[in-house]
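Novice: Residue numbers (the working numbering), protein chains in the order written: chain A, -12 to 163; chain B, 3 to 350. Just so it is clear, CB atoms sit at the ideal spot from N, CA and C, and this is done for glycine as well. Because the structure is a prediction, the values reported are computed rather than measured. I'd like to ask some things about the structure below.
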Amino acid sequence: MSWEITISGFGGQGVLFIGRLLADAGFNAGLDTTWLPYYSGEKRGGMCSCFVNISDERIGSIFITHPDVGVAMNPAAMKMLEPTVKTGGLLVVNTSLVKTKSDRHDIKVVYVPTVEAAKELGDESVGNIIALGAVIANAQVTSTSSIIKVLNQMLSKDKKQLELNKAALLKGCEYS
Amino acid sequence: MSERTLMGGNIAIGEGALLAGCQAYFGYPITPQNDLLELMARRMPELGRVFLQTESELAAINMVYGAAAVGFRAMTSTSSPGFSLQQEGISYMAGAEMPAVIVNIMRAGPGLGNIGGAQGDYMQCTRGGGHGDYYLITLTPSTVQEMMDLTMLAFELADKYRNPVLVIADGFLGQAMEPVIIREKVKKLPEKKWALTGAKGRPKNLVNSFEMNPIDHPRRIKLLLEKFERMRVHEVRYEGLNLDDADIVLVAYGSAARSAITAMNMARKNKLRVGLVRPITVFPFPYQPLADLAERGCKFVVAEMSGGQMIEDVRMAVGNQNEIKLANSYGGVPLEADTIFEAIDILM
């Protein structure tokens, strides 16, 4: 069992945070896990990626070139990830910003209007969690309950945020 | 059972230093090691120990020198441009035989370069770095667990040899998170009879790197050189993987070694006999194990995130007969397993 996940978008979109949720879920399951942020000098608005490895074997490279799962949160991420996702893999596309379609037939592509979906919950900042929900619903990386457990740990001091994030995760799971 | 936690590389260095009994930390912020400085800013005062954010890296290394001289376990951390600034102080400390731990979370140079991770300080780290005849034991973690473990070892070796010890990692590894088993706290720190603790009731101690007398200085350097030779004999550390039947041997440290492991696994899947030598110390460098593999007729791929620096040590180890190929990245970008695998493919 081995998962390579790359999430990419603008700094500020919560790319690193959903990577962190996945990594924590992997870690909690007793698996080897790596989480690597990758960005240049500017953070908010600059290009930002997150590489997450989860495996039941010793993980080699902390860098990911051909992910099993790609999450493209903006057009540049789409351009970078769409050709590199492994055959049989999953690509989640944030259609709130990405207006192009994938023409690959050897991977599963799930289109998610993350901002619009988040707005329906009353807070557009949880678009990243919507995207994460789509990942969990369409790839067997981890389970909804594992992510909810991590959210419970991380957001224990902010009940309102916790409930919002849980709702966003479940809403994201509706996309396939 | 020991606690298992998901931890960042820089944080693991800081926690390792705390466990090893680091009594004084001095540093100046620079990316990509700021979370280490931030951790120490929070944790050192909590433990009643010294934390000081200095006005520059120069001040930091000289304060480390001072703290070491009075017998403290002292450290600083920085990244490449800051490490260059510290060379004068490190040379003085080596001359004065002061134990301390210096952490260099490398970024791309030269000059201000880029904040992306790199391994371009290899030569500077393994050849002393400052002026004069000296070397520093240089430890190269390649996992977050090793960031903790080797930092603890660094304090031990610094005291053992009365010499500064380096822990070097690329910025990617510094910022990466992985599972870590928290180690036992060091309970008893070594006694330091040479330390400047006030000379009441004993002959005075002297800590300096200066020798006016031209007869005495060579004598002093000879002692240093003998010490570096003892390090070469006793402190070589490396990990070997799949070497028994290897035709091609990858040589890599830090996060490049992680990519090399993936490349090795790719090669093995393709029935190629590929192994890995991962130096854990780059001074002293594992020349002998590589020489033995060369003797057996192996070819080598050196994987590093620089223009090609460690490859010179590998060439020195294996001589001129065996083929060596460089697989590298530079300018602050990751070294991908694919790049290393391509080099293997060309050698086959």
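For Ile217(B), is the classification buried or exposed, using 16 other Cβ atoms within 10 angstroms of its Cβ as the cut-off for buried?
Specialist: exposed
Novice: Based on Cα-Cα distance, which residue from Glu180(B), Thr140(B), Ile184(B) lies nearest to Met312(B)?
Specialist: Thr140(B)
Novice: Starting from the beta carbon of Pro24(A), find every residue of chain B whose beta carbon is closer than 7 Å, and list them in chain order.
Specialist: Gln177
Novice: Do we get a CB-CB distance below 9 Å when we pair Ser81(B) with the residues of chain A?
Specialist: no
Novice: State the Cα-Cα distance for the pair Ile117(A) and Phe285(B), rounded to the nearest angstrom.
Specialist: 49 Å
Novice: Along chain B, in chain order, which residues have C-beta atoms closer than 8 Å to that of Gly75(A)?
Specialist: Those do not exist, as Gly75(A) stays about 17 Å from chain B at its closest Cβ, beyond 8 Å.
Novice: Is Met77(B) near Val105(B), with beta carbons less than 9 Å apart?
Specialist: yes
Novice: Would you identify the three-state DSSP class for Gln126(B), choosing helix, strand or coil?
Specialist: helix
Novice: Examine chain A for any beta-carbon lying closer than 9 Å to the beta-carbon of Ile117(B), and answer yes or no.
Specialist: Yes - at least one Cβ of chain A is within 9 Å of the one on Ile117(B).
Novice: Can you tell me the Cα-Cα spacing of Ala51(B) and Phe28(B), whole angstroms?
Specialist: Note that residue 51(B) is Arg in the sequence shown, not Ala. Note on geometry: alpha-carbon atoms of Arg51(B) and Phe28(B) lie some 11 Å from one another.
Novice: Is the distance from the Cβ of Gly114(A) to the Cβ of Val79(A) below 9 Å?
Specialist: no
Novice: Taking Cβ to Cβ, would you say Gly10(B) is nearer than 9 Å to Gly176(B)?
Specialist: Judged by beta-carbon spacing, Gly176(B) lies within the 9 Å limit of Gly10(B), meaning their Cβ atoms are closer than that value.
Novice: Against chain A, does Ser261(B) count as a neighbour if the rule is that its beta carbon must be under 9 Å from one of theirs?
Specialist: With 9 Å as the cut-off, Ser261(B) counts as an interface residue toward chain A.
Novice: Identify which residue in Ser36(A), Asp11(A), Ser27(A) has its Cα closest to the Cα of Thr20(A).
Specialist: Asp11(A)
Novice: Using a C-beta to C-beta distance shorter than 9 Å, which residues of chain A count as neighbours of Pro281(B)?
Specialist: Those do not exist, as Pro281(B) stays about 17 Å from chain A at its closest Cβ, beyond 9 Å.
Novice: Unbroken alpha helix (DSSP H) runs of length 4 or more, entirely within the segment 63 to 116 of chain A: which are they?
Specialist: 101 to 107
Novice: In terms of residues, what are the limits of the alpha helix (DSSP H) holding Val146(B)?
Specialist: 146 to 163
Novice: Give the range of the alpha helix (DSSP H) segment to which Phe85(B) is assigned.
Specialist: 82 to 87
Novice: If you follow the alpha helix (DSSP H) that Asp172(B) is in, where does it begin and where does it stop?
Specialist: It is not in any alpha helix (DSSP H) - Asp172(B) instead sits in the beta strand (DSSP E) that spans 166 to 172.
Novice: Below 8 Å on the Cβ atoms is my contact criterion, and I expect Leu226(B) with Tyr136(B) to pass it. Report the Cβ-Cβ distance as a whole number of Å.
Specialist: 6 Å
Novice: Would you verify that the beta carbon of Phe85(B) is, or is not, closer than 9 Å to some beta carbon of chain A?
Specialist: no
Novice: Quick check: Gly277(B) and Ser144(B), are their CB atoms within less than 9 Å of each other?
Specialist: It is not a contact, given that the beta carbons lie outside the stated cut-off.
Novice: Under the assumption that Gly119(B) contacts Met307(B) (Cβ atoms under 8 Å), give the Cβ distance between them as a whole number of angstroms.
Specialist: 7 Å
Novice: Could you tell me the alpha carbon to alpha carbon distance between Glu150(A) and Ser112(A), rounded to whole angstroms?
Specialist: 14 Å
Novice: Under the rule that 16 or more other beta-carbon atoms within 10 Å means buried, what is Met266(B), buried or exposed?
Specialist: buried
Novice: Is DSSP giving Ala120(B) helix, strand or coil here?
Specialist: coil
Novice: Give me whichever residues DSSP pairs with Arg6(B) in a beta bridge.
Specialist: Residue pairing by DSSP places Arg6(B) opposite Ile183(B) in a beta bridge.
Novice: Quick one: grab the DSSP three-state call for Pro220(B).
Specialist: helix
Novice: Can you say whether Gln147(B) is buried or exposed, counting buried as having 16 or more other CB atoms within 10 angstroms of its CB?
Specialist: buried
Novice: Ser4(B): which of Gln126(B), Ser79(B), Lys187(B), Glu59(B) sits nearest, CA to CA?
Specialist: Lys187(B)
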